[in-house]
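Per numbering that gives the first Met the number 0, the very first residue in the sequence shown carries number 0; after that it's consecutive. Report on the following structure.
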Amino acid sequence: MDNEFQELFEDFVLEARERLDAVEELLLALPGQAAAQRPEAMAQARRELHTLKGNSGMMGLSELQQLAHGMEDQVDELDLERPQVVGLLEGVDTFRRLLRRLVQGESETAEAGTDQDLLGEASQELALGGVRVPFSELDALVELQAEVLLYRNRLADGMERLRRRLAPEARESHDAWDETEAVRQSLEKTLDFAQDRILKLRMVPLQSLFRHLNRIVHDEAAREGKQVRFDTEGGETPLDKSLLELASEALGHLVRNAVNHGVEEPGARRQAGKSVVGRIRLSASVQGQEVLIEVADDGAGIDTDQLQQEAERRGATADLERGPYGLIFQAGFSTRGGTDLSAGRGIGLAAVAGAVERHGGRVEVASEVGEGTRFLLRLPLSVSITRALLVWVGEEEFALPLGAVIESLRFTAEDLHALHHGEVLRWRGQVVPLVDLGRRFGLPAAVADGTALGQRFVVLVEAFGQHRGLLVDGLGGIRDIVVKGLDRLVGAPAGVAGSTILGDGRVVMILDPAVLAAPEAVSAP
0 MDNEFQELFE DFVLEARERL DAVEELLLAL PGQAAAQRPE AMAQARRELH TLKGNSGMMG
60 LSELQQLAHG MEDQVDELDL ERPQVVGLLE GVDTFRRLLR RLVQGESETA EAGTDQDLLG
120 EASQELALGG VRVPFSELDA LVELQAEVLL YRNRLADGME RLRRRLAPEA RESHDAWDET
180 EAVRQSLEKT LDFAQDRILK LRMVPLQSLF RHLNRIVHDE AAREGKQVRF DTEGGETPLD
240 KSLLELASEA LGHLVRNAVN HGVEEPGARR QAGKSVVGRI RLSASVQGQE VLIEVADDGA
300 GIDTDQLQQE AERRGATADL ERGPYGLIFQ AGFSTRGGTD LSAGRGIGLA AVAGAVERHG
360 GRVEVASEVG EGTRFLLRLP LSVSITRALL VWVGEEEFAL PLGAVIESLR FTAEDLHALH
420 HGEVLRWRGQ VVPLVDLGRR FGLPAAVADG TALGQRFVVL VEAFGQHRGL LVDGLGGIRD
480 IVVKGLDRLV GAPAGVAGST ILGDGRVVMI LDPAVLAAPE AVSAP
């Protein structure tokens with residue numbers, strides 16, 4: 000076994016064990032759940048099995064692939080009122096036994112006396128390079144760094160408040176002030192360096208994932224009887240390790256869809272005047288605080304008329320936020336008849352979009368009939384610490400991720416214009432729709448607080464490839480913030496992605512530029 004395949008095999012075994020554990024836990028909990036909760040648990044189990052099936056096929060392990068496929072069918076056949084999961088649990092056990100035999104089989108050349116029972120544990124300790132550190136330890140380190148960042152911000156805020164209270168002559172007469180400020184600045188530089196190094200510990204290049212995807216494209220094309228060239232760019236792009244599994248699953252679905260649904264059969268391509276060899280291009284780059292990963296094909300494209308007809312037949316409605324292609328992100332929606340070992344169940348894109356959005360990312364799609372389709376994954380560069388622009392809306396302060404910010408500027412009443420159903424601002428020859436955050440969140444108008452219109456600001460952001468202007472009352476500067484999730488029981492208004500704690504202990508909401516920039520968010524005149 001060559002080194003590259005050894006890496007792939009080790010990664011496959013580790014991930015398969017984790018997914019089997021997740022399936023087992025879901026199945027064991029299913030009988031005790033209320034009937035209303037069971038569909039979501041079954042859908043999650045189906046997604047785990049779907050990924051297991053795809054990964055097994057990628058590794059050429061047809062027995063495991065067939066087993067996972069059969070288990071998917073069993074999940075579909077479960078009775079919601081009285082789910083019998085014994086057969087599925089036996090399937091989990093069988094999968095584990097086959098996996099264990101594979102690991103032992105790959106270890107037959109080991110030295111005599113090796114404890115075969117420890118081979119599974121030993122493979123988990125193998126690193127791609129250097130020393131393998133348990134991910135829980137990295138998480139703990141990042142959490143500790145987040146706490147340090149909080150205290151650093153508190154120190155900076157406290158020094159600033161003290162500076163404003165002390166008379167200039169008092170500060171100048173005491174060398175202690177200068178010494179304290181110098182220490183603070185040195186501490187800030189050291190902590191910035193430490194933060195950068197800690198976050199890089201969680202970063203891995205996407206190149207290894209690109210190799211997995213290349214194999215998927217090769218195998219799927221052979222199965223479909225198609226000729227496909229797979230090009231990659233940006234394999235050196237870093238991604239947070241906690242997002243690697245998400246990216247692997249999402250991109251696996253997208254490249255399979257590109258082969259199965261996007262690229263046409265050789266005869267159809269020849270008839271359309273195209274090369275019989277289809278092309279799928281995977282590229283990655285860092286833009287601000289986001290990692291952009293694009294999967295593009297030169298296939299038939301998405302026929303929105305056909306989508307609409309299928310939607311009407313099923314009684315489905317589109318996700319307006321994603322435009323005319325929103326239907327393809329709905330669970331169970333597929334224009335392909337039947338199912339096979341790689342695609343066709345209509346759960347792939349729904350799983351991709353849901354998982355990406357739960358991690359603070361977004362999936363965008365563009366297509367042209369006869370020319371091809373482009374899927375764009377927008378993932379956060381770091382899921383724990385990010386830079387943000389603090390903005391004031393009335394008496395409330397919000398954090399806006401800096402990666403989405405293009406520019407902030409003052410404006411006057413003369414700069415505003417009413418166009419169609421919203422307000423717009425002219426900016427560098429462009430007409431930019433405006434979103435009044437005060438109106439959006441039901442906060443008191445700034446004018447009522449005595450703020451003249453000419454004293455307000457517009458923060459220009461980019462989302463969906465378009466510019467939007469967020470109308471705010473003041474700017475509070477740029478800060479590194481610790482991203483915290485929101486309690487699901489409490490919930491959050493649309494447009495809020497999370498929360499953070501500032502140096503003075505105040506909790507502020509983190510805004511979601513993608514939601515705020517959606518067409519329906521534009522302010523009415």
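Backbone N, C-alpha and C fix where the C-beta goes; we use that ideal spot for every residue, glycine too.
Residue i (DSSP reduced to helix, strand or coil)
i: K483; result: strand
i: T231; result: strand
i: E89; result: helix
i: L165; result: coil
i: R455; result: coil
i: R18; result: helix
i: T236; result: coil
i: G353; result: helix
i: I292; result: strand
i: V12; result: helix
i: V285; result: strand
i: E146; result: helix
i: G475; result: strand
Range of the contiguous beta strand (DSSP E) that encloses residue i
i: A387; result: 384-392
i: D435; result: 429-435
i: R361; result: 361-367
i: A271; result: Where A271 is concerned, there is no enclosing beta strand (DSSP E), given that its DSSP letter is neither H nor E.
i: V495; result: 495-500
i: G371; result: 371-379
C-alpha gap between residue i and residue j, whole angstroms
i: R425; j: R438; result: 21 Å
i: L7; j: L13; result: 10 Å
i: E89; j: D20; result: 13 Å
i: F11; j: G104; result: 15 Å
i: A160; j: R373; result: Contrary to the premise, residue 160 reads as Arg rather than Ala in this sequence. The straight-line gap from Cα to Cα measures roughly 50 Å.
i: F440; j: K273; result: 51 Å
i: A365; j: E248; result: 21 Å
i: P30; j: Q36; result: 10 Å
i: A310; j: N259; result: 21 Å
i: R151; j: G494; result: 28 Å
i: A349; j: V404; result: 29 Å
i: R95; j: P265; result: 40 Å
i: L98; j: D92; result: 10 Å
i: V390; j: V276; result: 51 Å
i: H68; j: I279; result: 26 Å
i: E39; j: L60; result: 29 Å
i: E17; j: V262; result: 33 Å
i: R268; j: L66; result: 35 Å
i: Q5; j: A246; result: 21 Å
Beta-carbon contacts of residue i that lie in its chain and below 7 Å, excluding the five residues immediately before and after
i: I215; result: M57, G251, V254, R255
i: A496; result: G359, I509, L510, D511
i: A352; result: F328, V362
i: L436; result: V392, L469, L470, V471
i: Q206; result: G234, E235
i: E289; result: R377, L378, P379, L380, G402
i: E24; result: none
i: E187; result: R151
Cβ-based neighbour list, residue i, same chain, cut-off 6 Å, excluding 5 preceding and 5 following
i: L562; result: Outside the displayed range of the chain (0 to 524) lies residue 562, so it cannot be described from this structure.
i: P379; result: G359
i: I282; result: Ile is not the amino acid found at residue 282; the sequence shown has Ser there. Around S282: E232, G233, E293.
i: R228; result: V276, R278
Contact under 8 Å by Cβ, residue i with residue j
i: L510; j: F397; result: yes
i: Q43; j: K52; result: no
i: V203; j: L243; result: yes
i: V458; j: L375; result: no
i: V285; j: T236; result: yes
i: V481; j: L442; result: no
i: V368; j: D297; result: no
i: L48; j: V84; result: no
i: L26; j: L101; result: no
i: R153; j: D503; result: yes
The alpha helix (DSSP H) enclosing residue i, as first and last residue numbers
i: Q73; result: 61-75
i: G53; result: 37-57
i: I215; result: 206-223
i: V254; result: 240-256
i: Q32; result: It is not in any alpha helix (DSSP H) - Q32 carries neither H nor E in the DSSP assignment.
i: P512; result: 512-515
Close beta carbons around residue i, own chain, < 8 Å, minus the five adjacent residues each side
i: R505; result: E396
i: N54; result: F11, E14, A15, G251
i: M158; result: T179, E180, R183
i: S407; result: L388, F456, V457, V458, L459, L474
Check: residue i C-beta below 7 Å from any heavy atom of the ligand ATP
i: A496; result: For the ligand ATP, the structure offers nothing, since it holds no ligand at all.
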